[in-house]
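The structure appears right after this line, and notes come after that.
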Amino acid sequence: MVYSFIMQDKTVKILAIETSCDETAAAVVEAKKTAGGFEIEILSNAVASQIDIHKKWGGVYPELASRAHLEAMIPVLDEALKPVNGIHDLNKKIDAIAITVGPGLIGSLLMGVETAQILSSYFNLPVVPVNHLEGHVYAAFCGEDQSSNDKCQKIEIKKSGIFPILALVVSGGHTSLILMKDHLKYETVGQTIDDAAGEAFDKVARIMDLGYPGGPVIEKIAKKGNESKYPLPLSMVDRKTLDFSFSGLKTAALYLTKDPRTQKKLKYDKADLAASFQKTVCEILTQKTIQAARTYQPKTVILGGGVSANSYLREHFVREVSKISGTEVLIPPKQLSTDNAAGIAIAGVLKFLSGQKATWQKIEAKDHLPIDNN
Ligand code: KG4
Ligand code: ZN
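Just so we're aligned: 302 in numbering that gives the first Met the number 0 is position 303 of the sequence shown, and the numbers increase by one with no gaps anywhere.
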């Protein structure tokens, strides 16, 4: 058991930094052990989005992302550190710095990792390396009912009685079904064999000239569309595997917009295609999760990652997965679906309390970093 050796009774405060893609984020959380687990309060959650920078390129431009992280880092840290009255004497106010070490864009990750290393070295604070996907998983413990302001109220994370957890993380880089038999114990039981779900939203939006990021625009125009107009393939749904595939779906959408042989543009209805595509992706994600749940009988199912901000997916997924008896479904508030440091901080607290900390010299940014513990 990860928690058997947690003896710490005092309140701990963690500063977390997240820069794995195009969001510069920092957060401070405070946590204390309770009889049943942990009580965690998000004291701050600062996020600087780079969407405006990348919009004109139709996707994230890695060099520009690193530069933008550098520019945003100090203002974002200033904002996040407000509840502890700033950076002055930081070592007296927080216990550790949690940092996303991967996976992600290497240039972006390095901006956060090096900031954490500098702070750690200057203030003599331990560093807690966190996987980006862990942040998406633990953000879901905030629950969807949290108010829409940046902070969420106190959250309770139970030590036991919630496992196994089956988590579906759906983002621009990942579509992973992760099985957790205990806190911080991860086994990937299914993942995409080609495009990630968010990537498919982004690419189909680009095909339809809707701009970047694709998810929110597709969701918006889909509201006016007929989701049954264009039947699209429910790729892999009838197969035994728990893996996903979205590239065939993307190509099917592409060939509704132009003739594959002549490349001539075809007439199609954007709202109807957006609605049909959104419905198909959500159906695939939900069906595969239900299939995995039949195998692993989870007590808790988590939905997280940027695509989980999609209202259609949230409603459909919660409605269908909740039908499995004995299963509780957890999804993050929308503002903690997309990249943020609050989820990293929550995972960081649990890691810190279980002794998973390092000195700044020992941490390293990694663009490829499986979540699985070996
Ligand atoms: O987790 P995230 O913020 O960053 C990564 O880790 O990749 O996820 C970003 C992805 C993008 O592909 C974006 O299009 C998608 O999440 N996304 C959405 C929505 N909001 C963001 N997809 C569908 N519907 C949305 N409302
Ligand atoms: Zn993410």
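Using N, Cα and C, we set each Cβ at its ideal position, and we do this for glycine too. For clarity, every value in this text was computed on a predicted model and none was experimentally measured.
Check: residue i C-beta below 7 Å from any heavy atom of the ligand KG4
i, result
"Thr337", "yes"
"Gly224", "no"
"His367", "no"
"Asp201", "yes"
"Pro399", "Outside the shown range of the chain, which is 0 to 373, sits residue 399, and nothing can be said about it."
"His131", "yes"
"Asn44", "no"
"Ala308", "yes"
"Gly57", "no"
"Glu218", "yes"
Near the ligand ZN: residue i beta-carbon under 7 Å from a heavy atom
i, result
"Ser170", "yes"
"Gly210", "no"
"His135", "yes"
"Gly304", "yes"
"His68", "no"
"His53", "no"
"His87", "no"
Nonlocal neighbours in the same chain, by C-beta distance under 8 Å from residue i, ignoring five residues either side
i, result
"Met6", "For Met6, the pLDDT reaches just 48, beneath the cut-off of 50, and the residue's location in the model is therefore unreliable, leaving the point undetermined."
"Lys356", "Ala95, Pro125, Val126, Val127, Lys350"
"Thr358", "Ser119, Pro125, Val126"
"Ser3", "The predicted position of Ser3 is uncertain, since its pLDDT is 40 and thus under 50; a value taken from the coordinates is nonetheless stated next. Result list for Ser3: empty, nothing under 8 Å."
"Ile161", "Lys298, Thr299, Glu327"
Nearest-angstrom Cβ-Cβ length linking residue i and residue j, presumed shorter than 8 Å
i, j, result
"Ile323", "Glu143", "Contact flag wrong, Cβ pair sits at about 18 Å."
"Ser28", "Ile362", "The residue asked about is misnamed: residue 28 is Val in this sequence, not Ser. 20 Å between Cβ atoms; not a contact."
"Ala25", "Leu76", "5 Å"
"Lys249", "Val203", "6 Å"
Proximal residues to residue i (C-beta, below 7 Å), its chain only, five neighbours per side dropped
i, result
"Ser246", "Asp193, Asp194"
"Glu282", "Leu233"
"Val258", "Sequence check: residue 258 is Asp here, not Val. Cβ within range, chain order: Leu265."
Cβ neighbours of residue i in the same chain (closer than 6 Å, five flanking residues each side left out)
i, result
"Gly354", "none"
"Ala67", "Gln49, Ile52"
"Thr240", "none"
Worksheet item: Can we say the region 28-39 touches the region 54-66, given the rule of at least three CB pairs closer than 8 Å?
Response: no
Discussion item. In chain order, what are the residue ranges of uninterrupted beta strand (DSSP E) at least 3 long that sit wholly in the region 15-78?
Written reply: 22-32, 36-48
Practice prompt. Check whether the region 173-182 touches the region 272-280, counting contact only when three or more Cβ pairs, one atom from each stretch, lie closer than 8 Å.
Written response: no
Practice prompt. Run through the region 282-369 for me and flag every whole beta strand (DSSP E) of 3 or more residues, listed as ranges in chain order.
Written response: 299-303, 327-329
Worksheet item: Does the region 177-187 touch the region 364-373, meaning 3 or more C-beta pairs lie closer than 8 Å?
Response: yes
Discussion item. If we require 4 or more residues per run, which alpha helix (DSSP H) segments fall completely within the region 189-226?
Written reply: 196-206, 213-221
Discussion item. Pairs of beta-carbons, one from the region 292-305 and one from the region 254-261, closer than 8 Å: are there three or more?
Written reply: no
Worksheet item: On the three-pair Cβ rule with 8 Å, is the region 7-21 touching the region 82-99?
Response: yes
Worksheet item: Considering only residues of the region 69-142, which uninterrupted beta strand (DSSP E) runs meet the minimum length of 3 residues and lie entirely inside it, listed in chain order?
Response: 95-101, 126-130
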